[in-house]
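**Q** Residue 412 in this note's numbering sits at position 363 of the sequence shown, with consecutive numbering throughout.
For each residue, glycine too, the CB sits at the ideal point set by N, CA and C.
A single structure is presented below for examination.
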Amino acid sequence: MNTYARRVASFSKLMAPGARKPVYLLMFVTNRCTAACDHCFYWRELNKNVKEELTLDEYKKVARSLGPMFQVTFTGGSPELRKDLPDVVEQFYRYCSPSQMTFCMLGYATDRILSQAEAMLKNCPGQRFNIAISLDGLGEEHDRLRQLPGLFERVIATVRSLGEMKKHWPNLRVGIGITVHGLNYETAEGTSKWVRENLPINVLKPILVRGNPMNPETLNDLCKTTYLNVVNQDRTWINASHGGVFSPMDFVVYAKEAMQRTIIGHISHGNGQGFKCGGARETAVIYPNGNVAGCELRDDVLGNVRNVNYQFSRIWFNDRAKAFRRTAGRVAECQGCYHHCFLAPAMFRTPKLWPKLVKTAWQIYYNSGN
């Protein structure tokens, strides 16, 4: 099956009724991380049982079993800490042909990230890559929030170097992810404005803190209002596509981003979701040790790929996965959930949202001057 056929197949899976193999994947390739963020929901797992990580050969088997995908997000931990990351990525390029691959990186290891990005771009011709670096404050504030001295300067160097690289690679996008929480809500608007004015990014991704962070103070209710302020401030940039629009996929991404922000604002202020979550339907989570989940924020483990000879379907359609889908939106962890990665696929398969999605995309296209 060629790349085009795989992408058509992934879209068909997304739109088909009932349970299908996922088209969105959150791949935790490592739980290693050099930071210690108070707002991290994954803090209990960081830097533990590193020897249990899936090997390159195992990732090849997983990718072959998954088949066509729409989006694969590589996260952790800090995915750049895997020396074989480009080789892992190549397996998903070869067997899944996703429309986009996204990387959620800390940004500290500048030289390694640049080397990995170049290798991935060379090894995966035509694949769209989005490298997103975290930045929650300016200068010493970011270093303090992430508990890693010198991180801010490394992040700036990494993003600017990636900005230079994307001039030569039209399929590379660079983003900044800013987590809005109770420890930075007073400065988040200023940080996002500075980022837009000073860094060569395509997308700024405001993320409203979620999960069970190390420090409960990060769940300050004021951060919800701040999130909306950041979103409103960034709306002009999104609508005018200052980040740069180069392909139809950019319009889809920006339109999705604009709609998603509005929906998250509604949900976080108690207005309900309005459509069914994509957890354990369109979206899957695979942890470094091979455990499969339907959502990051629920403790349910549906199975482990090692125990089923890497045949993903044997997990995705087992009794535990079916039970997860039946309880989606009903258990305590689901109440008021606004997790970005589980909203996106649900938006695309919800017909009542299509007119607004098209209108948003047209507005971005029109304002971009194309």
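Am I right that glutamate 139 and asparagine 172 are in contact with their C-beta atoms under 8 angstroms? What's the rounded C-beta distance?
**A** Locating residue 139 in the sequence shown gives position 90, where the first residue counts as 1. Locating residue 172 in the sequence shown gives position 123, where the first residue counts as 1. Contact annotation, glutamate 139 with asparagine 172: C-beta distance approximately 5 angstroms; criterion of less than 8 angstroms satisfied.
**Q** Would you kindly report the start and end of the unbroken alpha helix (DSSP H) that includes phenylalanine 77?
**A** To locate residue 77, count along the sequence shown from 1; it is residue 28. For phenylalanine 77, no alpha helix (DSSP H) segment is defined; the enclosing uninterrupted segment is the beta strand (DSSP E) at 73-77.
**Q** Which runs of the beta strand (DSSP E) at least 3 residues long sit entirely within the segment 64-151? Give them in chain order.
**A** Runs found: 73-77 and 120-124.
**Q** Any idea what DSSP makes of arginine 379, helix, strand or coil?
**A** What you label residue 379 is simply residue 330 of the sequence shown in a count that begins at 1. Three-state DSSP puts arginine 379 in coil, outside helix and strand.
**Q** By a C-beta neighbour count over all protein chains shown, 10 Å radius and 16 as the cutoff for buried, is asparagine 233 buried or exposed?
**A** For the purposes of this step, residue 233 is taken as the residue at position 184 of the sequence shown. It counts as buried.
**Q** Please report the straight-line C-alpha distance between valine 137 and isoleucine 225, rounded to a whole angstrom.
**A** Along the sequence shown, one-based indexing puts residue 137 at 88. Along the sequence shown, one-based indexing puts residue 225 at 176. Distance between the alpha carbons of valine 137 and isoleucine 225: 23 angstroms.
**Q** Who are the Cβ neighbours of isoleucine 250 in its own chain at under 8 angstroms, not counting the five residues just before and after it?
**A** As a working note, residue 250 is residue 201 in the sequence shown. The beta carbon of isoleucine 250 sits closer than 8 angstroms to the beta carbons of Val208, Gly212, Val223, Gly224, Ile225, Val244 and Gly292 from its chain, once the five residues preceding and following it are set aside; these are given in chain order.
**Q** Could you tell me the alpha carbon to alpha carbon distance between proline 297 and proline 255, rounded to whole angstroms?
**A** The residue you call residue 297 lines up with position 248 of the sequence shown. The residue you call residue 255 lines up with position 206 of the sequence shown. Approximately 23 angstroms, taken between the alpha carbons.
**Q** Where alanine 307 and glutamate 238 are concerned, what is the direct C-alpha to C-alpha distance, given to the nearest angstrom?
**A** The residue labelled residue 307 in the question sits at position 258 within the sequence shown. The residue labelled residue 238 in the question sits at position 189 within the sequence shown. Between alanine 307 and glutamate 238, the C-alpha separation is close to 17 angstroms.
**Q** Does the distance from the C-beta atom of valine 354 to that of valine 334 stay below 8 angstroms?
**A** Working through the sequence shown from its first residue, we reach residue 354 at position 305. Working through the sequence shown from its first residue, we reach residue 334 at position 285. It is not a contact, given that the beta carbons lie outside the stated cut-off.
**Q** Hey, arginine 81 and glycine 126 are a contact pair by Cβ (cut 8 angstroms); roughly how many whole angstroms apart?
**A** Start at 1 with the first residue of the sequence shown, and residue 81 comes out as number 32. Start at 1 with the first residue of the sequence shown, and residue 126 comes out as number 77. 5 angstroms between Cβ atoms; contact.
**Q** Below 8 angstroms between beta carbons: does that hold for tyrosine 414 and isoleucine 313?
**A** Within the sequence shown, residue 414 is the residue found at index 365, counting from 1. Within the sequence shown, residue 313 is the residue found at index 264, counting from 1. Against a cut-off of 8 angstroms, the Cβ pair of isoleucine 313 and tyrosine 414 comes out as no contact.
**Q** Could you pull out every residue in the same chain whose Cβ sits closer than 6 angstroms to the Cβ of glutamine 120, ignoring the five residues on either side in sequence?
**A** On the sequence shown, residue 120 is found 71 positions in, with the first residue counted as 1. Same-chain partners within the cutoff: Tyr73, Pro147 and Gln149.
**Q** Using only the alpha-carbon positions, how far apart do arginine 93 and asparagine 269 sit?
**A** As a first step, residue 93 must be located in the sequence shown, where it is residue number 44. As a first step, residue 269 must be located in the sequence shown, where it is residue number 220. If you draw a straight line from the Cα of arginine 93 to the Cα of asparagine 269, it comes to about 21 angstroms.
**Q** Where does valine 252 fall in DSSP's three states?
**A** Within the sequence shown, residue 252 is the residue found at index 203, counting from 1. It is a strand residue.
**Q** Who are the Cβ neighbours of asparagine 338 in its own chain at under 6 angstroms, not counting the five residues just before and after it?
**A** By 1-based counting over the sequence shown, the position of residue 338 is 289. Around asparagine 338: Glu101.
**Q** Excluding the five sequence neighbours on either side, which residues of its own chain have a C-beta within less than 7 angstroms of the C-beta of lysine 305, listed in chain order?
**A** Stepping through the sequence shown from its first residue, residue 305 is reached at position 256. Closer than 7 angstroms at the Cβ level, and outside the excluded window around lysine 305, lie Ala393 and Met396.
**Q** Using a Cβ distance threshold of 8 angstroms, determine whether the segment 198-205 contacts the segment 176-190, with at least three qualifying pairs required.
**A** Contact between the segment 198-205 and the segment 176-190 is present, with at least three C-beta pairs closer than 8 angstroms.
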